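Numbering (full-length UniProt numbering), first residue to last: 1 to 549. Every residue gets a Cβ at the ideal spot worked out from N, C-alpha and C, and that includes glycine. Only a predicted model underlies this, so the values are computations on that prediction, with no experimental measurement involved.
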């Protein structure tokens, strides 16, 4: 929750505090890198720092009503206006709750467009895939019953048209009811007292959250508040309880939306080509190939960039130092913008909280080097581009064949042809393309992208690598596609689908996104779950005692 513009935080009058705790020298470690003016400001504020940190460390709210959450649809309304608009207060969109279903941790220093695309994808993509496929099936039956007209006896466009339209509408306007904590909605930005209470109760909010969603970008691991939120959430779990942390890169939304757009564009051009006169078919296919190729080329670029970012993140966390993490208040020299009034140092508050929770700054850094780093690397390298995400992004492949099956269904019911003329085999082909062939292509693509993630100094060489990766992913996909023309009915399509699904299962089982020999930052660790980085000699980590966290 690395806020856009920290404000001075003091003791609200509603707390009615008469006495502040006395300062003990050993309770506060000064940042040795701070300038004399910064140190003077921090020292002058030590009583407030101690009072604030003592309260936050208890993980208790100032009052029960301060724990608030907002429904996901409120975050997404107006194309996620609370996430892209710095001005205004959206506090009224949240409501009091006893439990928060998900705490969203994000940095305000990354790409807003990518973050918004990912939020829509994570919350609406499943509903969009289900609703749009149901809509395509409805069109399939309506065409088969003769309710909807078809322009030819070979193909129609009702299924793909209704599917694309419903997918877009559901993705944009679906209203998920889940209650989530988002700083811009659940902490008042206009009322100083409410804002202070929200910040004081951050520990309580994290403790009362069922799970955490980290919207990760390269700036996330550099922001002190973000790393602090994750560590506090892990600390708030009961002993033996498995923390439910989901980490998703903000680039995921762009990649999956680009994938859906490429397949939808290709499917629509292919369908229109079949409905046109024969002379227009090559032209339509050429347009579809060019447009899809350009989008897929961009997807390869994004995937390679994501792989590089994961390794950068791993290196950042392996060398994480509390004193070096970025904090807005320190970058502003602890002065309020405009008025120049002193601001309380977030770093000082968090330092004391961490000391109470983990025993020492060194123990906290050790946990970041180990558990936090392993958690982020494992999720970002193995669980981001899941089979389910690819299925959600590629139902258009199924709709194309559903249109062909709809015409066959109508012809079969009209003229009483044999069973395979009722569209059964085209439905089987569509399911095979959607659930087997497309995942095979992207599994191979992601695996190769990880192996060839390094950016070349020559721009042309880097573009050539993207092209090689794209062609390498297309090759096995094309082999499986053309093999269907050598398999004949009545049992050929069943055999083709069976072989394709077996190959898909073997590909996903035997070809991980990250080669198993590689660990964080490309080290040959075999992906052991608790790989530790050796801290620099003389750092606080080497002086810290090992504690059970």
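- The residue among 509, 347, 206 with its C-alpha nearest the C-alpha of residue 59 is 206.
- Considered as a whole, the region 135-197 harbours 179-181 as its complete beta strand (DSSP E) runs of no fewer than 3 residues, in chain order.
- Excluding its 5 nearest sequence neighbours in each direction, residue 124 has C-beta neighbours in its own chain below 6 Å: 171, 174, listed in chain order.
- For the region 438-465, the continuous alpha helix (DSSP H) assignments of 4+ residues that do not extend past its boundaries occur at 438-451, in sequence order.
- Three or more beta-carbon pairs separated by less than 8 Å are not found between the region 175-188 and the region 310-318, which leaves the two stretches without contact.
- Per DSSP, reduced to three states, the secondary structure at residue 51 is helical.
- Between residue 294 and the set 378, 261, 322, the nearest pair of CA atoms involves 261.
- In summary, residue 341 is exposed, with fewer than 16 beta-carbon neighbours lying within 10 Å of its beta-carbon over all protein chains present.
- If you draw a straight line from the Cα of residue 169 to the Cα of residue 163, it is about 10 Å long.
- Here residue 274 is not near residue 150, since their CB atoms are 9 Å or more apart.
- If you draw a straight line from the Cα of residue 201 to the Cα of residue 63, it comes to about 9 Å.
- For residue 67, no alpha helix (DSSP H) run applies, since DSSP gives it neither H nor E.
- Close CB contacts of residue 181 within its chain, under the 8 Å cut and outside five residues either way in sequence, are with 68, 69, 70, 100, 102, 103, 104, 205, 209 (chain order).
- Residue state for residue 59 is assigned as coil, using DSSP reduced to three classes.
- Residue 51 and residue 352 have their C-alpha atoms spaced approximately 10 Å apart.
- Taking the Cβ atoms as the reference, residue 73 lies roughly 29 Å from residue 192, outside the contact range of under 8 Å.
- Counted as a single uninterrupted DSSP element, the beta strand (DSSP E) harbouring residue 105 occupies residues 102-106.
- Burial state of residue 242 is exposed, judged by a 10 Å Cβ sphere holding fewer than 16 other Cβ atoms.
- Cα atoms of residue 440 and residue 325: separation of roughly 40 Å, rounded to the nearest angstrom.
- Excluding its 5 nearest sequence neighbours in each direction, residue 272 has C-beta neighbours in its own chain below 8 Å: 157, 284, listed in chain order.
- Taking 9 Å as the cut-off, the Cβ atoms of residue 129 and residue 405 do not count as close.
- Listed in chain order, the non-local C-beta contacts of residue 473 below 6 Å within the same chain comprise 441, 444, 445, local neighbours out to five positions each way being set aside.
- As computed with DSSP, residue 246 is found in a beta bridge with 213.
- Bounds of the alpha helix (DSSP H) holding residue 348 are 346-358.
- Counting C-beta pairs with one atom in each stretch, the region 371-380 and the region 216-231 have three or more that are closer than 8 Å, which means they touch.
- Between the alpha carbons of residue 414 and residue 159 lies a distance of about 20 Å.
- Between the region 109-127 and the region 227-240 there are fewer than three C-beta pairs closer than 8 Å, too few to call the two in contact.
- Secondary structure at residue 319: coil, using DSSP grouped into helix, strand and coil.
- Per DSSP, the beta-bridge partners of residue 96 are 68.
- Restricting attention to 508, 267, 368, the CA atom closest to the CA of residue 398 is found in 267.
- Distance from residue 117 to residue 292 at the Cβ level is roughly 20 Å; contact not present, criterion being Cβ atoms closer than 8 Å.
- Residue pairing by DSSP places residue 326 opposite 223 in a beta bridge.
- A Cβ-Cβ distance of about 5 Å is found for the pair residue 453 and residue 304, placing them in contact under the 8 Å criterion.
- With respect to the 9 Å criterion, residue 365 and residue 322 are classified as neighbours on the basis of their beta carbons.
- Residue 432 sits away from residue 381, with the two beta carbons spaced by 9 Å or more.
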